[in-house]
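To keep things clear, I will list the structure first and then write my remarks on it.
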Amino acid sequence: MSGDILTDNIAATGERPSNAVLDNIYRRRSVRNFSDKEVSDEIIKELIRAGTYAPTAVNKQPWRFVVVKNKRLIDEYDERAKKAFVAAYKDTKHPDLIGYVRNLSKPEVRLFYGAPVLIIIFAAPDAMNEHDCALAAENMMLAAQSFGIGSCWIGLAAGLEYNKEFLKEAGVPEGHKLVAPLIFGYPSKDNLKAPVRNSDVILKWMD
Ligand SMILES: Cc1cc2nc3c(=O)[nH]c(=O)nc-3n(C[C@H](O)[C@H](O)[C@H](O)COP(=O)(O)O)c2cc1C
12 MSGDILTDNI
22 AATGERPSNA
32 VLDNIYRRRS
42 VRNFSDKEVS
52 DEIIKELIRA
62 GTYAPTAVNK
72 QPWRFVVVKN
82 KRLIDEYDER
92 AKKAFVAAYK
102 DTKHPDLIGY
112 VRNLSKPEVR
122 LFYGAPVLII
132 IFAAPDAMNE
142 HDCALAAENM
152 MLAAQSFGIG
162 SCWIGLAAGL
172 EYNKEFLKEA
182 GVPEGHKLVA
192 PLIFGYPSKD
202 NLKAPVRNSD
212 VILKWMD
């Protein structure tokens, strides 16, 4: 065992195992270009259903979903999220954040890339709930991939959590934490290349 998970299987068998679940995992990419094709309500409900089949600590199922399909509203929340980010980090000295602030200050930059569907996962108040919601998010992104729908987690939009008007409009109860702003839509570009994975990730293998 070399500790290189990307090559060990090939060395042992000549080829990697393949099945529908693995195909979805390996084919899913973060998608940032979308066509105008509508994502049906039935599919959106199925994505949420897939989210709710993620494991949860003590089976609490703490997730709550806000679905935004209205283009004007998605643009409006995009703008508010950008403003929240810039306001929060405008005086930062962190080199990465300085770059984001500069970029998000440009009017033409869209955090949600013009996606036709925005689903934001909120966690009901409790200690472990953010883990559960992150698992739901990945289930949803993989389910989307199975329908040929692209997705992307937009962490830079997390500032929406502090936008009181948005929380009111979205019916988010007091104390809920915004965990995952996710965009969905049919991709307008094919064959997105996966960013290279670091393969030497196993600290130790103790047989
Ligand atoms: C917590 C989290 C936050 C992310 N935030 C953003 C974001 O704000 N904007 C963006 O374009 N991509 C965002 N991404 C997508 C990552 O850039 C992407 O997952 C990573 O580059 C690997 O590419 P892949 O998803 O195609 O495998 C985020 C992903 C995660 C998990």
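The number in the working numbering is simply the position in the sequence shown, starting from 1, with 11 added.
We put the CB at the ideal spot given by N, CA and C, even for glycine.
Since this is a predicted model, take the numbers as computed values, not measurements.
Whose C-alpha, out of the options, is nearest the C-alpha of residue i?
i: residue 206; options: 25, 39, 174 and 27; result: 39
i: residue 196; options: 130, 76, 25 and 109; result: 130
i: residue 144; options: 60, 43 and 28; result: 60
i: residue 119; options: 140, 184, 86 and 35; result: 86
i: residue 123; options: 91, 29, 179 and 100; result: 91
i: residue 67; options: 184, 171 and 140; result: 140
i: residue 7; options: 36, 82, 30 and 29; result: Here the chain covers residues 12 to 218 and nothing more, so residue 7 does not appear.
Can you tell me whether DSSP reads residue i as helix, strand or coil?
i: residue 181; result: coil
i: residue 188; result: strand
i: residue 36; result: helix
i: residue 198; result: strand
i: residue 158; result: coil
i: residue 75; result: strand
i: residue 126; result: coil
i: residue 65; result: coil
i: residue 108; result: helix
i: residue 165; result: coil
i: residue 214; result: coil
i: residue 193; result: strand
i: residue 134; result: strand
With a threshold of 7 Å on Cβ separation, who are the neighbours of residue i within its own chain once the five nearest residues in sequence on each side are excluded?
i: residue 138; result: none
i: residue 173; result: 95
i: residue 65; result: 143, 146, 147 and 150
i: residue 199; result: 44, 45 and 46
Suppose the cutoff is 8 Å on Cβ atoms and the five residues either side in sequence are ignored; what does the same chain contact list for residue i look like?
i: residue 148; result: 62, 132, 164, 190, 191 and 193
i: residue 97; result: 112, 115 and 116
For residue i, verify whether its CB is less than 6 Å away from any heavy atom of ligand 1.
i: residue 165; result: yes
i: residue 40; result: yes
i: residue 198; result: no
i: residue 127; result: no
i: residue 184; result: no
i: residue 136; result: no
i: residue 106; result: no
i: residue 206; result: yes
Residues in its own chain within less than 6 Å of residue i by CB, not counting five upstream and five downstream?
i: residue 181; result: 77
i: residue 80; result: 128
Using 8 Å for Cβ pairs, my map puts residue i next to residue j. What's the rounded Cβ distance?
i: residue 58; j: residue 168; result: That pair is no contact at about 18 Å.
i: residue 135; j: residue 73; result: 4 Å
i: residue 50; j: residue 160; result: 6 Å
i: residue 88; j: residue 158; result: No, residue 88 and residue 158 are not in contact; Cβ-Cβ is about 24 Å, not under 8 Å.
i: residue 187; j: residue 75; result: 6 Å
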